[in-house]
Amino acid sequence: MSPALPRHLDPAPPPGPLPARAAFAGSSPRLSLNGDWRFRLAPDPAHVPDAFWSETFDDTAWDLLPVPSHWQLHGYGAPVYTNIRYPFPVDPPYVPQENPTGCYRYGFRPPEPWPDPDRSVLRFEGVDSFFTVWLNGTEVGSAGGSRLPSEFAVGHLLRPGTENVLAVQVHQWSAGSYLEDQDTWWLSGVFRDVSLHTRPAGAVTDYRVHAGYTPATGEGVLCVDVDADTVDARVRVPELGVDVPAGERVTLPRVEPWSAELPRLYEGSLTAAGTVVPLRIGFRTVRIDGHVFSVNGRPVKLHGVNRHEFHPDRGRALTARDMLDDVFLMKRHHINAVRTSHYPPHPYFLDLCDEYGLYVIDECDLETHGFILEAGWRGNPSDDPAWEAACLDRARRMVERDKNHPSVVIWSLGNEAGKGRNLHAMRAWISGRDASRPVHYSGDAECSDIYSQTYREHAGVEHIGTGGEHPEKPYLMCEYAHAMGNGPGGLADYQRLFEAHERLMGGLVWEWNDQSLRTRDPRDGQEFFGYGGDFGEEIHDGNYIADGLLLPDRTPTPGLLELKAVFQPLRLTIVPRSGTVTVRSVLRFADTSGLRFLYDVVTDEGVVASGPLDVPVIPAGGEAACALPGIAPTGRETWITVRAVLAAATRWAPAGHEVAFGQARVAEGAPPQEPEAAAVRHPRRTPAAERLPTDRLPAGQLAFGEGIFDVHTGRLRSLGGTELAGPVLDIWRAMTDNDREPGAEPRGSEAARTWRQRGLDRMRHRIDRVYADGAVLTVHSRLAPASEQFGLAATYHWSTVPGGLRLRLAAAPDGPWPEEMPLPRFGVRLALPAAWSLVRWFGLGPGESYPDSRAAVRVGRWEHTVDALQFPYTFPQENGHRSEVRWAELTPSDGSAGGIRFEGRPHLGFTARHWTTQDLDAARHPHELVARDRVHVHLDLAQHGLGSASCGPDTLPAHRLTAAPMDFTVVLRAIP
18 MSPALPRHLD PAPPPGPLPA RAAFAGSSPR LSLNGDWRFR LAPDPAHVPD
68 AFWSETFDDT AWDLLPVPSH WQLHGYGAPV YTNIRYPFPV DPPYVPQENP
118 TGCYRYGFRP PEPWPDPDRS VLRFEGVDSF FTVWLNGTEV GSAGGSRLPS
168 EFAVGHLLRP GTENVLAVQV HQWSAGSYLE DQDTWWLSGV FRDVSLHTRP
218 AGAVTDYRVH AGYTPATGEG VLCVDVDADT VDARVRVPEL GVDVPAGERV
268 TLPRVEPWSA ELPRLYEGSL TAAGTVVPLR IGFRTVRIDG HVFSVNGRPV
318 KLHGVNRHEF HPDRGRALTA RDMLDDVFLM KRHHINAVRT SHYPPHPYFL
368 DLCDEYGLYV IDECDLETHG FILEAGWRGN PSDDPAWEAA CLDRARRMVE
418 RDKNHPSVVI WSLGNEAGKG RNLHAMRAWI SGRDASRPVH YSGDAECSDI
468 YSQTYREHAG VEHIGTGGEH PEKPYLMCEY AHAMGNGPGG LADYQRLFEA
518 HERLMGGLVW EWNDQSLRTR DPRDGQEFFG YGGDFGEEIH DGNYIADGLL
568 LPDRTPTPGL LELKAVFQPL RLTIVPRSGT VTVRSVLRFA DTSGLRFLYD
618 VVTDEGVVAS GPLDVPVIPA GGEAACALPG IAPTGRETWI TVRAVLAAAT
668 RWAPAGHEVA FGQARVAEGA PPQEPEAAAV RHPRRTPAAE RLPTDRLPAG
718 QLAFGEGIFD VHTGRLRSLG GTELAGPVLD IWRAMTDNDR EPGAEPRGSE
768 AARTWRQRGL DRMRHRIDRV YADGAVLTVH SRLAPASEQF GLAATYHWST
818 VPGGLRLRLA AAPDGPWPEE MPLPRFGVRL ALPAAWSLVR WFGLGPGESY
868 PDSRAAVRVG RWEHTVDALQ FPYTFPQENG HRSEVRWAEL TPSDGSAGGI
918 RFEGRPHLGF TARHWTTQDL DAARHPHELV ARDRVHVHLD LAQHGLGSAS
968 CGPDTLPAHR LTAAPMDFTV VLRAIP
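Positions 18 to 993 (the working numbering) are the ones given, in order, by the sequence shown.
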């Protein structure tokens, strides 16, 4: 440590902490020091209370703050979100003088007897960002590296059986902050567990499990090494008959290997000096064979996510239940891999990954992304010799802590830290310490055993899959499919590439959890999830932190349901003509013995038949075909759905949990027969209070079939005696996060970026002519924005059908339409009575779907309220669209008479809301949306795809809605 710098500004690791070691819970006494600590926040180090660490200091006037926690989430200062930019002047290693400093005090009494008190150790699992510790008035040491453990020897200071005073000083900013620019909230404090341990003489201080597996023979090789000070240590694994001294290599003729699909763990123990360390041993071998990543000799695809530690109330201070919830949700949605972005997680999370089965890319606590804003990454610590010791210290502490976890299959140097000598030094140290796992880094292929990139477009991924760019290495998308808001689109397109090319080892979606924090609107007290800018930050990156597959409260988004369907481990191909279903497994290790198969026959009346299917057990990578049951003719459009579900409850999901599904149409049904009705001059007879005879129609209105139209605008004013507004041509949708430019950087769809610039959100209607010609009412119109010459020429053709009206809308670009600018949507909008809030439909459901995000939905008859059709994305945007709808009905939710039915010819897209698209587009948080006195409905011929251009590729050409002549037909019928 340089004597010229204050300790928290020196890049070099401070003296004081004990050497890094494996995390484990042994039988030696342990005392948790979590709880309510006395706390005072000083505005800067100069205003820290004098000698607050003294035993005699009076802290009775101080506040209480829970440990673990972040002080900003308890009213001390405020959270700050930046993606790349540092929230302080960039002048490493210096930080501002205005450096909030937390002062903590905690009294505790170790029980008597406390064995070997002189060998006691104080352990901090995580403190952000730099801290100094005192025990009973004496300084113990300091440490940095916020997401890594630090231990201090305190035996010479501890007083068992009496009161001890622990004091901790935490700097919000330190030299280490330059290494922790990790696209998350800047939050401070003692946010992970604090505990007191003893290390009896001769007991295990550190150990390392070597548990290899030979696929060709099924052999396992076990060796457990211990530190040099351990005396007479023995390793016992009763199930395998192992009872040997530590350090002895044992070859076992047959073991069951560990994998994410079959996470087999053998319980054992490591004993020494009267203490016991529980062992959970997973035999597995990770290799790169040529350019193929393999586990236990079999190629493995990573179906993964990037996971920040997050809770909307506690930030990174997670509970065991939070971590278990994450693992359960991952398993239920076919996620088999986690990148611990961008720091090692709480060690308990890795215990869960071992137990439940998840491959882990364990990432070092290192990111210097803010230096990308400097020319040539000027000043980047990754290439500065003064920071080498700090980088190596972080790598060492990660590897030593987590080295015994079978779930950890890859070490990662960090994220977005540029290039430099320190990264090469880290890679060399890790490879020298642990050659059994490959090393990953996406910023410099020379530092990585794996060629890794972020957000590569589909064509580029296919190029790499066929041998382009570093062909000697497997290829990983360590971040892809940016899950911000409605999306990501294109997941299935990526998955097809991953499965088509052996070199492609898969990818990890960014990211698992929307990291918005729970807060309240100061104007009315309403609760909402806040993102950058909602907490008074000086600089911030807006809602760019709201980019998860889960909402902040861990509600799965439609994007996660889509991911589950894309990742499903069985591919079901139904061939109605031959009456068979073929089930192909893409699992690598597990068979299907834990599953049962069911079928449902579906029409627009709902499920009309169902039952079990007799599918034989399919080995990993195998397939089988079985006969479908005979299906009686229904005279309607008919579909069969085959589902694979859990036959019995597992530890992560209940019996009946759906694992995979497939669907096929078995009958098209008769086309609708609609005898033309004459164009009558009177509306349908309605109750006396609502009757509006033709001779009493207000001036300017025209009765046509069941409808009444405005003569001047040609718009439908009522149907079957009920007032409504529309339908009218509409091409605008509330921009999604992938459409617009969120945060401080120019992102978003290149095509969609022009939508608002060219005025598609402010289109104006012009009526050129309204006339009735026999059985057809025709309206000619033009839709165009102010200041532009381009627009859409549209013609509405109205005709009558029994009980309603048919609309055929034909439109085409008119004038110089901007090159390469697609349409957001094409369809009509209308407003209906607010009481019509119960929706039934036959089409894709039950959730929302879009052209490039529809793997999770299936054809069926569904029912929701209008409110339930919405999805509350943290930043309001287009949502709730149901695709391929054959018909939809809106009726009063109280069961009273009335309503409307829409019928596609053949299909339509359907959206219904209690607010307008303009309301949705203007809102910045869901609670700002206020229900209007109408239900606002969109009926679409098509929508533009979603893409993932908030950070990634734009919508693929196949999913773009190109401006071209279009023809859309829909039938509207009044429901009596």
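Think of the CB as a built atom: it goes at the ideal place given N, C-alpha and C, for glycine as much as any other residue.
Under a 10 Å Cβ-count criterion, ASP108 is classified as exposed, with fewer than 16 other Cβ atoms of the shown protein chains found around its own Cβ.
As computed with DSSP, THR928 is found in a beta bridge with HIS955. By DSSP's assignment, MET983 forms a beta bridge with ALA828. Here the C-alpha atom of PRO539 lies approximately 14 Å from the C-alpha atom of GLY92. In the three-state scheme derived from DSSP, where H, G and I count as helix and E and B as strand, THR483 is classed as coil.
Sequence-distant Cβ neighbours of THR590 in its own chain, meaning closer than 6 Å and more than five residues away, are THR599.
Distance from the CA atom of MET501 to the CA atom of ALA563, rounded to whole angstroms, is 6 Å. By a beta-carbon distance limit of 8 Å, PRO835 contacts THR771. Their separation comes to about 6 Å.
Ranked by how close their Cα comes to the Cα of VAL632, the residues ARG613, GLY722, PHE678 have ARG613 in first place.
Two segments are said to touch when three or more pairs of C-beta atoms, one from each, lie closer than 8 Å; by this definition the region 402-419 touches the region 437-451. Pairing ARG414 with LEU165 gives a Cβ-Cβ distance under 8 Å.
Residue pairing by DSSP places ALA184 opposite ARG122, TRP151 in a beta bridge. Going by C-alpha positions, GLU284 is about 55 Å away from PHE927. GLY576: member of the alpha helix (DSSP H) spanning 575-584, first to last residue.
Of the residues LEU152, VAL243, PHE310, the one whose Cα lies closest to the Cα of TRP70 is LEU152. If you draw a straight line from the Cα of PRO23 to the Cα of LEU390, it comes to about 27 Å. Beta-bridge analysis with DSSP links HIS881 to VAL856. In this structure, ALA664 lies away from PHE843, with their beta-carbon atoms at least 8 Å apart. Between VAL317 and the set ARG333, ILE352, ALA334, the nearest pair of CA atoms involves ILE352. SER205 places its beta carbon less than 8 Å from that of ASP145. In terms of Cβ geometry, TYR458 and GLU486 do not form a close pair [threshold 8 Å]. No residue range can be given for HIS386, since it is assigned to no alpha helix (DSSP H) and is classified by DSSP as neither H nor E. Annotation note: the region 234-286 contains the following uninterrupted beta strand (DSSP E) runs of length 3 or greater, listed N- to C-terminal: 236-243, 251-254, 259-262, 267-269. The Cβ neighbour count for THR357, taken over all protein chains shown within 10 Å, is at least 16; the residue is labelled buried. Remark: fewer than three beta-carbon pairs, one from each stretch, lie closer than 8 Å, so the region 74-88 and the region 160-180 are not flagged as touching. Using a C-beta cut-off of 8 Å, the region 362-381 makes contact with the region 339-347, since at least three inter-stretch Cβ pairs fall below that distance.
VAL138 is a Cβ neighbour of PHE169, given a cutoff of 8 Å. Residue state for ALA517 is assigned as helix, using DSSP reduced to three classes. DSSP places GLU405 inside the alpha helix (DSSP H), whose first and last residues are 405-419.
Going by DSSP, GLN935 is part of the alpha helix (DSSP H) stretching over 934-939.
Just measuring C-alpha positions, the residue of HIS25, ALA827, CYS495 sitting nearest MET983 is ALA827. With 16 or more neighbouring CB atoms inside 10 Å of its own CB, GLU384 falls in the buried class.
Of all alpha-carbon atoms in ASN51, PRO593, VAL272, the one lying nearest the alpha-carbon of THR231 is that of VAL272. In the DSSP assignment, MET443 falls within the alpha helix (DSSP H) that extends over 438-450. Counting along the chain, MET780 sits inside the beta strand (DSSP E) bounded by residues 780-790.
Taking the Cα positions, GLY912 is about 33 Å away from ALA649.
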